[in-house]
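Visitor: My questions will all concern the structure given below.
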Amino acid sequence: MASIEDVAAKAKVSVTTVSRATNNHPYVSEKTKKKIFKAMEELNYYPNNIAQQLRGQKTKMIGVMISYITNPFFAHLVDAIEKKAMELGYHIVILQTQGHEKLEDFYIDLVPKKQLDGIIITNLETVTPKVQSLIDEGKLVLCNRYIGTEKLPVIHIDEYESSYKGTKFLIEKGHKRIGYCTGDVCHPYDRRFKGFLAALKEQNIPFIQEDFFEKTLGIDGGRMMLRELKKRGTNRPTAIFSNGDEVAAGIISEARRLEISVPHDIAVLGFDDHPIASITYPEITTIKQPIEQMGICSILRLTAQIEQREIPKVPKLQTEIIIRDSV
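In the UniProt record's numbering, the protein residues as written are 1 to 327.
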């Protein structure tokens, strides 16, 4: 059976570095983590507390799988989950994937390997047999967004309704050409995008494909997107529906640099209502998600399933448009 020393030797790092990597320590680079995780996979090494397993005890550890910890939405969500988890006698482990499928599989395996009592996944596109098995066992809860056709229990807002409502708000402000900006790729089952299209169709407004911007992430993504629009001259949308406030902030920042007036030349609608939305100039009009409530509902459901208690009912998670100055 492989040991932590074997992993360290294979990855050519210290035992301390291996330990830090498995605990998601911030001082270990992503390059080093990948090297360590690869060595662990090749050696079939999974750190665990043998004594706990022999006694059949719970680890009292919950994994929270996110894509990017630098995204304020996930930071806020994790904070809410952790606070409630501690009240319930659990600790959380942040599992950052950065979009790597191998890391997702590795983290999911920590539950059957008895490293975690359960896991909360915050952005899922495909239900694999492993995921379905953990859902059936009550050891996995989906939170935030799920893009797929299966009917699964997910703690989330009504993506379709929220997007429809936001797009209709832009239309009511007089916009007839609206761009759509997302951090994901175009997916036929994306309810948020479908709500956007439905609002356009209702008013007989065409959607122009060149006004769809995918894989646009963070402030820099917003800046790059606006630079692209600037090159088009007047052949551009008069409003942008951004799937996140960080991207919206990047758009507004770059607009000021390029002397494009927001909202007079281009309006910007954000999503989430991060703190950044109220400190930009102009401040961002955005669709507010009940992020804290989502996190609390997720951990309450998962711990109830783990402890085989009655599963609490999830209230309808409402969104609202926070009107500021960018539209």
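By construction, the Cβ of each residue, glycine as well, lies at the ideal position given by its N, Cα and C atoms.
Does the Cβ of I276 have 16 or more other Cβ atoms within 10 Å, making it buried, or fewer, making it exposed?
Guide: The residue given as residue 276 occupies position 276 in the sequence shown. Result: buried.
Visitor: Closest to G63 by C-alpha separation, out of R324, S298, P315, would be which residue?
Guide: Translated into positions along the sequence shown, residue 63 becomes position 63. Closest option to G63, Cα to Cα, is S298.
Visitor: DSSP three-state label for G166, please.
Guide: Reading the sequence shown from its first residue, position 166 is the one you call residue 166. Residue state, collapsed to three classes: helix.
Visitor: Given a threshold of 16 other Cβ atoms within 10 Å of its Cβ, counted over all protein chains shown, does P153 qualify as buried or as exposed?
Guide: Sequence index remark: in the sequence shown, residue 153 carries index 153 (1-based). Classification of P153: exposed, given that the 10 Å Cβ count is below 16.
Visitor: Rounded to the nearest angstrom, how far is the Cβ of C143 from that of I120, given a contact under 8 angstroms?
Guide: Mapped onto the sequence shown, residue 143 falls at position 143. Mapped onto the sequence shown, residue 120 falls at position 120. That belief holds up - the Cβ atoms of C143 and I120 are roughly 5 angstroms apart, short of 8 angstroms.
Visitor: Grouping DSSP H, G and I as helix and E and B as strand, with all else coil, what is E42?
Guide: Start at 1 with the first residue of the sequence shown, and residue 42 comes out as number 42. Of the three classes helix, strand and coil, the one that applies to E42 here is helix, per DSSP.
Visitor: Would you call the region 200-217 and the region 276-295 touching, i.e. three or more CB-CB distances under 8 angstroms?
Guide: These segments do not touch.
Visitor: Taking three-plus beta-carbon pairs below 8 angstroms as touching, is the region 166-185 in contact with the region 235-244?
Guide: Yes, since at least three Cβ pairs between the region 166-185 and the region 235-244 fall closer than 8 angstroms, the two stretches touch.
Visitor: Are the CB atoms of G118 and L302 within a distance shorter than 9 angstroms?
Guide: Translated into the one-based positions of the sequence shown, residue 302 becomes position 302. Translated into the one-based positions of the sequence shown, residue 118 becomes position 118. Their beta carbons are under 9 angstroms apart, which means L302 touches G118 by this criterion.
Visitor: Three-state secondary structure (DSSP) at S253?
Guide: By 1-based counting over the sequence shown, the position of residue 253 is 253. S253 falls in the helix class under three-state DSSP.
Visitor: Leaving out the 5 sequence neighbours to the left and right, which residues in its chain are closer than 6 angstroms to R236 when beta-carbon positions are compared?
Guide: As a working note, residue 236 is residue 236 in the sequence shown. Counting only Cβ-Cβ distances below 6 angstroms, and skipping sequence neighbours, we find L229.
Visitor: Do D325 and P282 come within 9 angstroms of each other at the CB atom, strictly closer than that value?
Guide: The residue given as residue 282 occupies position 282 in the sequence shown. The residue given as residue 325 occupies position 325 in the sequence shown. It is a contact, given that the beta carbons lie within the stated cut-off.
Visitor: Assign D272 to one of two classes, buried (16 or more other C-beta atoms within 10 Å of its C-beta) or exposed (fewer than that).
Guide: Here residue 272 refers to the residue found at position 272 of the sequence shown. Per the 10 Å Cβ criterion, buried.
Visitor: Along the chain, where does the alpha helix (DSSP H) containing F196 start, and where does it finish?
Guide: Position 196 of the sequence shown, counted from the start, is the residue given in the question as residue 196. Note, F196: alpha helix (DSSP H), 191-202.
Visitor: Assuming T59 and K114 form a contact by the criterion Cβ under 8 angstroms, report the distance between their Cβ atoms to the nearest whole angstrom.
Guide: The count along the sequence shown starts at 1 and reaches residue 59 at position 59. The count along the sequence shown starts at 1 and reaches residue 114 at position 114. So it is a contact: roughly 7 angstroms between Cβ atoms.
Visitor: Report buried or exposed for T128, applying the criterion of at least 16 other Cβ atoms within 10 angstroms of its Cβ.
Guide: Residue mapping note: residue 128 aligns to position 128 of the sequence shown, counting from 1. Exposed: under 16 other Cβ atoms inside 10 Å.
Visitor: Helix, strand or coil for G63? Go by DSSP, reduced to three states.
Guide: For the purposes of this step, residue 63 is taken as residue 63 along the sequence shown, with counting starting at 1. Note: G63 maps to strand in three-state DSSP.
Visitor: From the DSSP output, read off the bridge partner residues of R145.
Guide: Along the sequence shown, read from residue 1 onward, the residue named residue 145 stands at position 145. Answer is N123, bridged to R145.
Visitor: Work out the CA separation of A248 and T167 for me, nearest whole Å.
Guide: Numbered from 1 along the sequence shown, position 167 holds the residue referred to as residue 167. Numbered from 1 along the sequence shown, position 248 holds the residue referred to as residue 248. Distance between the alpha carbons of T167 and A248: 15 angstroms.
Visitor: Leaving aside the five residues before and after Q318 along the sequence, list all residues of the same chain whose C-beta is less than 7 angstroms from its C-beta, in chain order.
Guide: Reading the sequence shown from its first residue, position 318 is the one you call residue 318. The residues are P290.
Visitor: Give the straight-line distance between the Cα atoms of K151 and L134, rounded to the nearest whole angstrom.
Guide: Here residue 151 is taken as the residue at index 151 of the sequence shown, counted from 1. Here residue 134 is taken as the residue at index 134 of the sequence shown, counted from 1. Their backbone Cα atoms lie some 15 angstroms apart in a straight line.
Visitor: Given this structure, state the Cα-to-Cα distance separating Y160 from A239, to the nearest angstrom.
Guide: Against the sequence shown, residue 160 aligns to sequence position 160. Against the sequence shown, residue 239 aligns to sequence position 239. Taking the straight line joining both Cα atoms gives about 19 angstroms.
Visitor: In chain order, what residues of the same chain have a beta carbon less than 7 angstroms from the beta carbon of Q203, not counting five sequence neighbours either side?
Guide: As a first step, residue 203 is located in the sequence shown; it is residue number 203 there, counting from the start. So the qualifying residues of the chain are I171.
Visitor: Quick check on the burial criterion: 16 or more other C-beta atoms within 10 angstroms. Buried or exposed for Q52?
Guide: Along the sequence shown, read from residue 1 onward, the residue named residue 52 stands at position 52. Because Q52 carries a pLDDT of 46, less than 50, the predicted location of this residue cannot be relied on, and the following value inherits that uncertainty. So Q52 counts as exposed.
Visitor: Which class does V247 belong to by DSSP, given the choice of helix, strand or coil?
Guide: Taking the sequence shown and counting its residues from 1, the one referred to as residue 247 is at position 247. Three-state DSSP puts V247 in a helix.
Visitor: Between the C-alpha atoms of G89 and A80, what's the straight-line distance to the nearest angstrom?
Guide: Your numbering for residue 89 matches position 89 in the sequence shown. Your numbering for residue 80 matches position 80 in the sequence shown. So the alpha carbons of these two residues sit roughly 15 angstroms apart.
Visitor: Exposed or buried, which one is N123 when buried takes at least 16 other CB atoms within 10 Å?
Guide: Taking the first residue of the sequence shown as position 1, residue 123 is located at position 123. Flag for N123 reads buried.
Visitor: To the nearest angstrom, how far is the alpha carbon of H175 from that of I252?
Guide: Indexing the sequence shown from 1 puts residue 175 at position 175. Indexing the sequence shown from 1 puts residue 252 at position 252. Taking the straight line from one Cα to the other gives about 18 angstroms.
Visitor: Using only the alpha-carbon positions, how far apart do T126 and V262 sit?
Guide: For the purposes of this step, residue 126 is taken as the residue at position 126 of the sequence shown. For the purposes of this step, residue 262 is taken as the residue at position 262 of the sequence shown. Straight-line Cα distance between these residues: approximately 38 angstroms.
Visitor: To the nearest angstrom, report how far apart R192 and Y146 are at their CA atoms.
Guide: In the sequence shown, residue 192 corresponds to position 192, counting from 1. In the sequence shown, residue 146 corresponds to position 146, counting from 1. One C-alpha to the other measures close to 11 angstroms.
Visitor: Work out the CA separation of N44 and S3 for me, nearest whole Å.
Guide: As a first step, residue 3 must be located in the sequence shown, where it is residue number 3. As a first step, residue 44 must be located in the sequence shown, where it is residue number 44. The alpha-carbon atoms of S3 and N44 are separated by roughly 10 angstroms.
Visitor: What's the gap between the Cα of K165 and the Cα of A199?
Guide: Numbered from its first residue, the sequence shown carries residue 165 at position 165. Numbered from its first residue, the sequence shown carries residue 199 at position 199. So the two alpha carbons sit approximately 8 angstroms from each other.
Visitor: Taking just the CA atoms, how far does K12 sit from H156?
Guide: The residue given as residue 156 occupies position 156 in the sequence shown. The residue given as residue 12 occupies position 12 in the sequence shown. Their backbone Cα atoms lie some 42 angstroms apart in a straight line.
Visitor: Who are the Cβ neighbours of L54 in its own chain at under 8 angstroms, not counting the five residues just before and after it?
Guide: By 1-based counting over the sequence shown, the position of residue 54 is 54. Reliability fails at L54, whose pLDDT of 40 lies under 50, so the model's placement of it is uncertain and the value that follows must be treated cautiously. Counting only Cβ-Cβ distances below 8 angstroms, and skipping sequence neighbours, we find nothing.
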